[in-house]
Ligand SMILES: Nc1ncnc2c1ncn2[C@@H]1O[C@H](COP(=O)(O)OP(=O)(O)OP(=O)(O)O)[C@@H](O)[C@H]1O
Ligand SMILES: [Mg+2]
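Chains as they are written, first to last, in the numbering used here: chain A, 2 to 355; chain B, -5 to 330.
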C-alpha cells in the first residue's frame, strides 16, 4: 500500500505541506451556538442544542457520544444537509473562510461543499447512487469544482481509487455500487469526499460498518492524508479506542450538547464530566481483565424538550439541586478544556464562581 | 440483451397460444349467431347451409386449429408477399374471412390501423411526456400550489371516465366554441400545410382526452417514486458534493425514480387499449376499437378473435419492451 501511494503522481502534485500540520489555534471552522431541531409528528425533536466548537487547520478532532446524541445532525447542519423540512437550523453560525455557512446563499455554499469540505457519510450501503458507476460518482465533484479535461479527470479518479486502496481500480471505475462489498463502498465514499482535496474532512463513523482489519487500513489512510495534505479531520465515532489513537482533541456529545472538550491525553487521564467518566468506564481494558464493565445506568435523555436543566442529571451520581434547575453551559476549565458541569470533580464539590 | 430479447419473444409464443385458446373458448361459450341478423324470411334450411359453409358446425378444437393455421402461417406469409412482392408457394391460402364483410379480416384491420395508431399512440406518448415532468415538479415542490393542483387534476383525470370527458370536450370545444371538429374524418389525407392543420385539429380532442387519462395515474406515481428517492441517502451524498439542485434531481433522482414508473407504463398498456376503444366510439373514429365493437355486435367471430389476438400480441410486446428499458435504467438487473 505504501509504495502505491508513493508512486502516485497526483499525490505529489497535491502535496502542499510536507510537515504534519498541527498548527494550534488557527481555526478553519468555528461553530457557535448551533441549534437544530426537527418538527415531527410526535413533537419537536431538539437534536442539537447550542453546540459550539472549533476545528484548527490540520487538526484531528474526535467527536464521541452515544447513539442519538446528535453527532451526525451537528455535522450535517454545518453544510445544511439535513432534510428541511422537517429539520430547521434555528440558531448559530458556522464560520469558514470568514463566511457563515448557515447564512450564505446556497449557490455560494455549493462551492464549499465537496470542494473545501468533504463529507463521508455513515452508511456506505445506501450513500452511493445505485444506478451510476463508481467512476462517474467520483469524477462528478471534479467536474463541478475544477475545470479539467476529461482525461485528467479520469486519471484523477483512478488515482483516488488507488489512494484508498481499491484493488484493480481501472475495472472498479466502471463498476456499480452493488458490485462492491461494504468495505469497498466505504472506500469509494472516501474517494468521493477526497476528490477535490478538501481542507476539512468530516467522517461520520466511517469504519463502523467495516471489519477490524479494514477499519485499521482506513484509519491509516486518513492519518496519511492528513499528514500529506494538512486536511483537518472531524471524525465521528462510538469507538473511544480509535479516538485515543488518532485525535488531537476530543469533543464529547450528550443529548444534543457538547458536554466536554479536551485534548485527547487530558480527556483519558482525567475526565471532567461524569458522562465522560462513564463512557471511559464502559471501555473494555486489557490491563483490567476480569473486572466488570461499568455501564451508565438509566436512559438517554428525551429530546422532545429543550433542555433547561442538565440532561445528564437523572443518570449522574454527583447531581445536586442546581443540576436539576439550571442547564450548565460549556465552561472553560483550563486553556485547553471545557466542560458543561456544575460539579467540580477535582475538588469534589460544586463549582464556585460560576 | 439481444439474446434475452429473442428468448423472451420465443417464450411469448406459448403464452399467445394459450391466450388464443382462451379467446376461442369465450367466444364459443358466448351466445349469438351470425345468422341471427339475417331477415326472418330466410328459411331454416338456408340458414343451416350458411352455418355449414361458415364452418360453424365444425368441432371447437378443429375450428381453433384452423384459425391458428390461418393466423400463424397464412396471414404472415400473405403479409410478406404483399410487402415484398415475392410469391411464396402458389398463393392459394385460406385466410381469416370476416363473416360480416366476407373479405379477409386482416385486410380490414390494416385499413383501420392508421387511425388507431394516431390517436392511441399520441395519447400514450403525450400522456408520458406530460406525466413525468409534472410528477417530478410535484415531488420537488411537494404541497405547493402546483402539486395540489396536480393532485386535483389527476384525481379528476383518473376517476372521471373517458366516456364522460369525451362528450364534455365535444360540447365545450366543438359545440360551444367551435374550435375542433366533433368527429374524426378518416378519409382526410395530409398533403399540405392546411390539411396538416386540419389533421391536428381533429386529433386534438381525442388525444387530449386519452392523454389526460393516461397522465393522471402516471404523474402521481412518478411523484411518489420521486419522493421516495429524494429521501434516500445517496441524494444527500450528491448534495454534499456541491452539485446544483438541478443536477441532483435530473442526474441522480430521476433515473432511479423512473425504474418503477416503467413498470407502471407497461401495466397501463391494456387500459390504454380499452380507453382507445371507448374514445373511438365517442369521436367516431373508425379505427380498430370501433371495428371490434361492430364485430361483437354483428357476432363476427373471426374478426373478434383476430382483433383481440392482435391486442394481446401488442400487450405482450409492450411488456417485453418495458423489461428491456428496465434493464437499461437499472444496472442491478442482469439478463441471464
Ligand atoms: N430527519 C429527522 N427527523 C426527525 N428526527 C431526526 C432526523 N434526523 C435525526 N433526528 C433525530 O436527531 C437526533 C440525533 O440524531 P443523530 O443522527 O445526529 O445521532 P448520532 O449521534 O449521529 O447517532 P448515531 O451514533 O446512532 O449515528 C436523534 O434523536 C434522531 O432521532
Ligand atoms: Mg450518526
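We put the beta carbon where it would ideally sit given N, CA and C, even for glycine.
What is the DSSP secondary structure of residue i, counted as helix, strand or coil?
i, result
"residue 66 (chain A)", "coil"
"residue 333 (chain A)", "strand"
"residue 85 (chain A)", "coil"
"residue 248 (chain A)", "coil"
"residue 61 (chain B)", "helix"
"residue 172 (chain B)", "coil"
"residue 125 (chain A)", "coil"
"residue 218 (chain A)", "helix"
"residue 339 (chain A)", "strand"
"residue 116 (chain A)", "coil"
"residue 47 (chain B)", "helix"
"residue 8 (chain A)", "At residue 8 (chain A) the pLDDT is 39, less than 50, meaning the model places this residue with poor confidence; the figure from the coordinates comes in the next sentence. Here residue 8 (chain A) sits in coil by DSSP."
"residue 283 (chain B)", "helix"
"residue 79 (chain A)", "helix"
"residue 130 (chain B)", "helix"
"residue 256 (chain B)", "helix"
"residue 23 (chain A)", "At residue 23 (chain A), the pLDDT of 43 sits below 50, so the modelled position is not reliable; the number obtained from the coordinates is stated separately. In the structure shown, residue 23 (chain A) sits in coil (DSSP, three-state: anything other than H, G, I, E or B)."
"residue 184 (chain B)", "coil"
"residue 50 (chain A)", "strand"
"residue 217 (chain B)", "helix"
Based on DSSP bridge pairs, tell me the residues matched to residue i.
i, result
"residue 45 (chain A)", "A:40"
"residue 61 (chain A)", "A:234"
"residue 350 (chain A)", "A:345"
"residue 33 (chain A)", "A:94"
"residue 177 (chain A)", "DSSP output for residue 177 (chain A) lists no bridge partner at all."
"residue 276 (chain A)", "DSSP output for residue 276 (chain A) lists no bridge partner at all."
"residue 255 (chain A)", "A:258"
By the DSSP assignment, the alpha helix (DSSP H) with residue i in it spans what residues?
i, result
"residue 144 (chain A)", "135 to 146"
"residue 227 (chain B)", "227 to 234"
"residue 69 (chain B)", "69 to 78"
"residue 24 (chain B)", "That residue, residue 24 (chain B), is in no alpha helix (DSSP H); it is neither H nor E in DSSP."
"residue 154 (chain B)", "Residue 154 (chain B) -> no alpha helix (DSSP H), and no H or E assigned at all."
"residue 183 (chain A)", "183 to 195"
"residue 104 (chain B)", "99 to 110"
"residue 318 (chain B)", "295 to 323"
"residue 163 (chain A)", "151 to 164"
Using a C-beta cutoff of 8 Å, does residue i count as contacting chain A?
i, result
"residue 323 (chain B)", "yes"
"residue 234 (chain B)", "yes"
"residue 326 (chain B)", "yes"
"residue 286 (chain B)", "no"
"residue 237 (chain B)", "yes"
"residue 227 (chain B)", "yes"
"residue 182 (chain B)", "no"
"residue 249 (chain B)", "yes"
"residue 78 (chain B)", "no"
"residue 230 (chain B)", "yes"
"residue 14 (chain B)", "no"
Check the Cβ-Cβ distances between residue i and every residue of chain B, and say whether any is below 8 Å.
i, result
"residue 145 (chain A)", "yes"
"residue 164 (chain A)", "no"
"residue 69 (chain A)", "no"
"residue 245 (chain A)", "no"
"residue 97 (chain A)", "no"
"residue 64 (chain A)", "no"
"residue 168 (chain A)", "no"
"residue 22 (chain A)", "Note on residue 22 (chain A): pLDDT 38, under 50, position unreliable in the model; the coordinate value appears next. Not one chain B Cβ lies under 8 Å of residue 22 (chain A)."
"residue 115 (chain A)", "yes"
"residue 221 (chain A)", "no"
"residue 50 (chain A)", "no"
"residue 56 (chain A)", "no"
"residue 188 (chain A)", "no"
"residue 111 (chain A)", "yes"
"residue 212 (chain A)", "no"
"residue 335 (chain A)", "no"
"residue 127 (chain A)", "yes"
"residue 89 (chain A)", "no"
May I ask which residues mark the beginning and end of the beta strand (DSSP E) holding residue i?
i, result
"residue 203 (chain A)", "201 to 205"
"residue 262 (chain A)", "258 to 264"
For a contact meaning CB atoms closer than 9 Å, what does residue i contact in chain D?
i, result
"residue 132 (chain A)", "No chain D is part of this structure, whose protein chains are labelled A and B."
Please give me, in chain order, every unbroken run of the alpha helix (DSSP H) with length at least 4 that falls completely inside the segment 297 to 329 of chain A.
Secondary structure in the segment 297 to 329 of chain A: the alpha helix (DSSP H) runs of 4 residues or longer, each lying completely within the stretch, are 322 to 326 in chain order.
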